[in-house]
Every structure is written in C-alpha cells, then in structure tokens.
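Beneath this line is the structure, given in structure tokens, with notes to follow.
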Amino acid sequence: MITLPDIRGRIAKDAALAPVTWFRVGGPAEFLVRPADTEDLCALMRQLPLEMPVTAIGAASNLIVRDGGIQGVVIKLARGFGDIVVEPDGIIAGAASLDVTVAEQAAASCLSGLEFLSGIPGTIGGAVAMNAGAYGGEIAGVLDWAELVTRAGDVVRVNPVELGLSYRHADLPLDAVVVRARLRAQPGDATAIAARMQEIKARREATQPVRARTGGSTFANPPGMKAWELIDAAGCRGLRRGNAQVSELHCNFLLNNGEATAGDLEALGEDVRARVERSSGVKLRWEIKRIGVPG
Ligand SMILES: Cc1cc2nc3c(=O)[nH]c(=O)nc-3n(C[C@H](O)[C@H](O)[C@H](O)COP(=O)(O)OP(=O)(O)OC[C@H]3O[C@@H](n4cnc5c(N)ncnc54)[C@H](O)[C@@H]3O)c2cc1C
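When you read off a place in the sequence shown, starting at 1, and then add 1, the result is the number in this note's numbering.
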C-alpha cells in the first residue's frame with residue numbers, strides 16, 4: 002500500500018474533486034494534499050517517490066477533471082499560501098490568493114494596473130500557470146517574478162522570460178508548483194481604479210455565464226481570429242450533448258447544465274472542434290486543461 006510522507010498539512014485519500022471544480026465534474030484524486038505552507042510543500046516534494054505523479058490545482062476554473070479521476074498526488078494550495086503584501090509599486094501574493102482579492106487589495110491601496118484580475122475567477126497560481134489575461138491586461142505584462150517549489154523540493158525564483166509566458170501559456174518546469182508571485186502596479190487614482198473594476202464587472206456579467214458551471218474560454222483564440230466567432234459560424238451556439246451545452250450567451254463557454262459528466266463536456270468540445278474545422282479549416286486549441294483519466 003502506498004503511503005505519503007507525514008506532513009503538517011491535510012492529506013485525503015480518494016478525495017472527491019468535482020465539488021472543488023467550477024464545472025462540478027470529474028472523478029476523485031488518489032491523494033488530495035493541502036500543504037500547510039511552502040516549507041511543508043517542500044518537505045512533501047522531497048520525500049515523495051519520484052514515480053508518484055504530481056498535479057497542482059487552483060480554483061479549478063479552467064479545468065475539466067476527467068471522470069476516472071487523477072492518479073497520484075493532487076496539490077491544492079490553501080490558507081498558508083494566501084498572504085498578500087502590498088508594496089509601493091506592486092503586490093506580492095501567495096498562489097492561493099484569488100485574482101479578484103488581489104485586484105481589490107490593489108484598489109484599496111490606490112495601485113492601478115491590476116484591475117484586469119478582478120474579471121478572472123481563479124487563483125494567482127493558476128493565473129501564472131495560464132498567463133491569464135482579460136480586458137487588455139495579462140500576467141506577462143505585470144509579473145516581476147514567481148516562486149516555484151520544484152519536484153526536488155527547492156524554492157526557486159523565476160522571471161517572466163524564464164517562465165516563457167505566451168498567450169494563455171507558461172513553460173512551467175514539470176511538476177513545479179507556483180507558491181508566490183510579485184505583480185507590478187503603479188500609484189493611481191482610487192476613483193478611476195474603482196470605475197475600471199466596475200466596468201469590467203458589468204461587461205463580464207453581460208457577456209459571460211459567470212454564475213454557471215463552466216470553465217471559462219474553452220478554446221484559445223487562433224492568431225488574428227476569435228474562437229467564439231468561428232464556433233458561432235459553425236452553428237454550434239447552444240449545441241448539446243446530454244447535459245453539456247455550448248453557452249447561448251458566449252459560445253466559447255461550455256456549460257454543465259446539471260448532470261453532465263466530464264466525458265460529455267469533452268466530447269461536446271471535440272464535436273465543436275470538428276465542426277469548426279469543417280466549416281472554416283481552423284483547428285481550435287483547447288485552452289481549458291483536461292486532466293486525469295477517462296471514466
Ligand atoms: C466564468 C469564467 C471566466 C473566465 N474568464 C477568464 C478571462 O477573462 N481570462 C482568463 O485568462 N481566464 C479566464 N477564465 C479561466 C480561468 O479563470 C483562468 O485560466 C485562471 O487563471 C485559472 O486559475 P485557477 O486557479 O482556477 O487554475 P486551475 O483551473 O485550477 O488550473 C489551471 C492550470 O493551472 C495549473 N495550476 C493551477 N495552480 C497552479 C499552481 N499553484 N502551480 C502550478 N500550476 C498551477 C493547473 O495544473 C492547470 O494546468 C475564466 C473562467 C471562468 C470559469
């Protein structure tokens with residue numbers, strides 16, 4: 002029987018993951034580990050057998066966990082990774098901090114440049130891993146450094162070039178976990194910052210199914226094109242498979258209307274890709290990460 006190293010944080014075996022994902026689908030984690038803090042995570046990594054797969058998740062707002070669940074260790078950063086330190090020209094945020102909380106802290110400190118984060122429902126760790134962006138801002142434009150815990154259990158600080166950030170992508174070393182990041186900001190006008198955040202909120206609520214079981218943009222925009230326009234032109238708006246559906250409001254979003262499985266959502270996404278390729282010749286690239294084993 003496999004046992005994990007003794008750490009200060011929490012370890013659950015065969016732990017349900019669906020309840021912690023935005024889509025509310027997917028099978029269990031063989032081990033769901035919530036390390037107490039960075040030191041605890043380093044200790045875990047150092048002692049884990051190398052053949053044990055490691056997967057980090059944040060708010061799971063950009064994930065389809067497959068129905069067969071995830072083998073090995075799933076690391077979900079919790080309270081010990083939520084500190085936010087405000088500096089005169091930036092913010093140092095723990096990777097479990099929500100993007101919106103960081104945007105609000107920046108606003109409360111009259112720092113501008115991080116308003117775009119208020120529209121992204123994930124964590125800072127997920128934002129670095131995905132080079133998240135919205136409304137003209139993205140992580141690559143504000144990141145000074147990120148700290149990672151490597152598979153060997155070391156903490157390393159990397160800059161954006163070393164991270165190879167590109168559109169909704171970072172070249173993170175295999176199995177590395179982002180634990181902290183410093184984001185640049187500039188002193189700004191409190192009223193203007195609040196107005197920008199309000200504008201982002203209103204635009205999002207009008208154009209995205211923000212209260213649904215969804216995973217954000219399903220496919221990355223191909224260069225010079227909008228994925229949603231290609232999906233719409235291929236006649237996929239509202240397309241269904243079981244309880245999975247292409248959103249009527251924003252057709253680059255998939256929805257779980259209640260009892261969809263990860264298999265339904267992934268198959269619907271593949272159907273959309275095939276239809277778009279037939280109608281436009283463009284092969285869409287999944288932006289949502291699909292992880293784990295099929296059911
Ligand atoms: C309604 C809605 C709207 C959205 N709008 C936007 C948008 O405007 N712009 C945008 O960019 N995204 C958007 N998204 C997608 C999503 O919020 C972002 O991709 C976000 O950055 C993912 O963060 P997360 O913490 O949820 O990461 P997860 O979904 O948990 O994980 C995403 C990826 O990051 C990796 N990861 C997560 N945490 C870590 C970590 N600490 N260390 C290493 N790897 C890690 C995971 O392994 C996975 O590969 C939206 C999603 C929803 C549901």
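Heads up, the beta-carbon is just placed ideally off N, CA and C, and yes, glycines get one too.
Straight-line Cα distance separating residue j from residue i
i           : j           : result
residue 251 : residue 269 : 15 Å
residue 113 : residue 10  : 35 Å
residue 181 : residue 159 : 11 Å
residue 125 : residue 131 : 10 Å
residue 193 : residue 154 : 43 Å
Counterpart residues of residue i in DSSP-defined beta bridges
i           : result
residue 77  : 58
residue 167 : 170
residue 182 : 94 and 147
residue 135 : 138
Residues near residue i in its chain [Cβ-Cβ closer than 8 Å; skip 5 each side]
i           : result
residue 174 : 149, 151 and 152
residue 264 : 67, 68, 295 and 296
Own chain partners of residue i with C-beta closer than 6 Å, once the 5 adjacent residues on each side are dropped
i           : result
residue 84  : 95
residue 57  : 76 and 178
residue 281 : 231
residue 260 : 244
residue 221 : 169, 286 and 288
residue 187 : 113 and 114
residue 41  : 8, 9 and 10
Alpha helix (DSSP H) segment containing residue i, residue limits
i           : result
residue 229 : 228-234
residue 201 : 191-208
Enclosing beta strand (DSSP E) for residue i [first to last residue]
i           : result
residue 283 : Run containing residue 283: none; DSSP gives neither H nor E here.
residue 298 : No statement about residue 298 is possible, as the shown extent of the chain runs from 2 to 296 and does not include it.
residue 148 : 144-150
Residue i - DSSP class collapsed to helix/strand/coil
i           : result
residue 52  : coil
residue 35  : strand
residue 20  : helix
residue 260 : coil
residue 113 : strand
residue 95  : strand
residue 213 : coil
Residue i Cβ short of 6 Å to ligand 2 heavy atom set
i           : result
residue 164 : This structure lacks ligand 2; its bound ligands are ligand 1.
Spatial neighbours of residue i in its chain, beta-carbon cut-off 7 Å, leaving aside the 5 residues before and after
i          : result
residue 45 : 6, 8, 34 and 36
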